[in-house]
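Structure first, commentary second.
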Amino acid sequence: MSETRIDHDRLFKELLSTFFEEFVLLFFPHVHEQIDFHYLSFLSEEVLTDVTAGEKHRVDLLVETKLRGEDGLIVVHIEHQSYIQPSFSERMFIYFSRLFQKHRRRILPIAIFSYDAIRDEPSSFTVSFPFLTVLDFRFLTVELSKLPWRTYIRHDNPVAAALLSKMGYNEEEKVEVKKEFLRMLTRLELDEARQRLLFGFFETYLRLSEEEEVQLRNEVKTMEEKEAAKVMELIVSYEQKGMEKGMEKGIEKGIEKGIEKGMEKAKLDVAKRMLAKGFDADTIHELTGLPLETIEQLKP
């Protein structure tokens, strides 16, 4: 069975559009202090065509906002990169220039590298000669696999909690990472919809085996009693939601099977009546779709 394809772009877009200010504060505090988040507008999806490469590209997130103390608008362009792409910095410049051509405003470009490999990604694209630098395009970057996850558990920030699942941990640390994620979630005290968004994002990228889940429960029991109760309540709550979802799917499948059986019985009843009225097997097959073998077996 083929592995279910993960819609990385949708997941990151949901996370960043819901917690945009928290994202900027977490990774770019120097930018956060300059932006007026009272004015925030998410622009419609942009599709950019790269004629040379023969590709169409959807911009992940385009946010219109203001700098504090200024009337002019800026556009924040966030590009999520889920796989290694050669010449990414060049493409980033192309996307930036197309957006600038359309909007004619200051644009702040940000790239998030979310693949598991550890690389030294460039944060600029330069065109130069020995006698002249024609272009020196720079953009902000976040390389998730390079980030030390333990540093981010101290932040009561929903983006930090979700992105623990994509940071630089090893297999032996998975249980501890999820435990810290749950502790952060209980401290954040978000509404159910936002909590579910974070939980769904995290579970997509970091899923424990049954043995690891047992280990997690055992470690939760060693926490301070009040915190342990909150974390265990969260675990049980999401397990129940998962079971309910599974039951709903099972019921839906059961209904579908029931409908199919009902339709099959109705066809058989029609075929029997047609045979009784003297219709030949070929005609009945054409009108009901029943196999000729089945029709022959219905004959008295």
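Counted the way our numbering counts, the sequence shown spans residues 3 to 302. Glycine residues also receive a C-beta, built at the ideal position from the N, C-alpha and C atoms.
Task: Residues sharing a beta bridge with Q83, DSSP - done: F115
Open item on the list: Please list the terminal residues of the continuous alpha helix (DSSP H) segment that includes R140.
Closed with: Element bounds for R140: not the alpha helix (DSSP H) but the beta strand (DSSP E), L134 to R140.
Open item on the list: Rounded to whole angstroms, what is the Cα-Cα separation between L137 and P124?
Closed with: 15 Å
Task: Integer-rounded CB distance, given that L165 should sit under 8 Å from E16 - done: Contact doesn't hold; Cβ gap of about 13 Å is too wide.
Task: L45 versus E212 - alpha carbon distance - done: 42 Å
Open item on the list: So, does the region 104 to 116 touch the region 77 to 87, judging by three or more C-beta pairs under 8 Å?
Closed with: yes
Open item on the list: Comparing C-alpha positions only, which one of P31, Q36, M94 and L42 sits nearest to D62?
Closed with: M94
TODO: Specify, as a first and last residue, the run of the beta strand (DSSP E) that L307 falls within.
DONE: Residue 307 is absent from the structure shown; the chain starts at 3 and stops at 302.
Task: C-beta atoms of V161 and F21 nearer than 7 Å - done: yes
Open item on the list: Residues in the same chain with beta-carbon distance under 7 Å from L236, minus the five sequence neighbours each way, listed in chain order, please.
Closed with: L184, L187 and T188
Open item on the list: For L18 and R121, I'd like the C-alpha separation in whole angstroms.
Closed with: 23 Å
Task: Selection from R196, E175, I37 and F139 that minimises the alpha carbon distance to S91 - done: F139
Open item on the list: Restricting to Cα atoms, I'd like to know which of H105, S89, Y97 and I109 is closest to I37.
Closed with: I109
Open item on the list: Rounded to the nearest angstrom, what separates F29 and Y154 at their Cα positions?
Closed with: 10 Å
Task: Run of the beta strand (DSSP E) containing H40, from where it starts to where it stops - done: I37 to F44
Open item on the list: Whole angstroms are fine: how far does the CA of V144 sit from the CA of E175?
Closed with: 22 Å
Task: Exposure label - E173; buried when at least 16 CB within 10 Å - done: exposed
Task: Beta-carbon gap between E24 and N159 smaller than 7 Å - done: yes
Open item on the list: If I follow the unbroken alpha helix (DSSP H) through T128, where does it start and stop?
Closed with: Not the alpha helix (DSSP H): T128 falls in the beta strand (DSSP E), residues S126 to F131.
TODO: Decide if V238 is buried, meaning its Cβ has at least 16 other Cβ atoms within 10 Å, or exposed.
DONE: exposed
- [ ] Return helix, strand or coil for R108, following the three-state DSSP convention.
- [x] strand
Open item on the list: Starting from K176, trace the alpha helix (DSSP H) in both directions and tell me its first and last residue.
Closed with: K176 to L190
TODO: Under 7 Å Cβ to Cβ from K180, same chain only, skipping five residues before and after it: list those, please.
DONE: L208, L210 and L218
Task: Where S167 falls, given that 16 or more other Cβ within 10 Å makes a residue buried - done: buried
Open item on the list: Please classify L294 as buried or exposed, where buried requires at least 16 neighbouring CB atoms within 10 angstroms.
Closed with: exposed
Task: Where Y97 falls, given that 16 or more other Cβ within 10 Å makes a residue buried - done: buried
- [ ] Could you check the C-alpha separation between E215 and E182 for me, to the nearest Å?
- [x] 14 Å
Task: Residue range of the alpha helix (DSSP H) that includes S167 - done: No alpha helix (DSSP H) holds S167; DSSP gives it neither H nor E.
- [ ] Return the CA-CA distance between M245 and A119, expressed in angstroms with no decimal places.
- [x] Note that M245 scores 46 on pLDDT, short of 50, meaning its location in the model is unreliable and no value can be drawn from it.
Open item on the list: Less than 6 Å between C-beta atoms, sequence neighbours within five positions excluded: which residues of the same chain meet that for V53?
Closed with: For V53, the predicted structure reports a pLDDT of 48, less than 50, and the residue's modelled location is therefore unreliable. A value from the coordinates is still provided. Excluding sequence neighbours, V53 sits near nothing in its chain.
Task: Backbone CA spacing between W151 and G170 [nearest angstrom] - done: 6 Å
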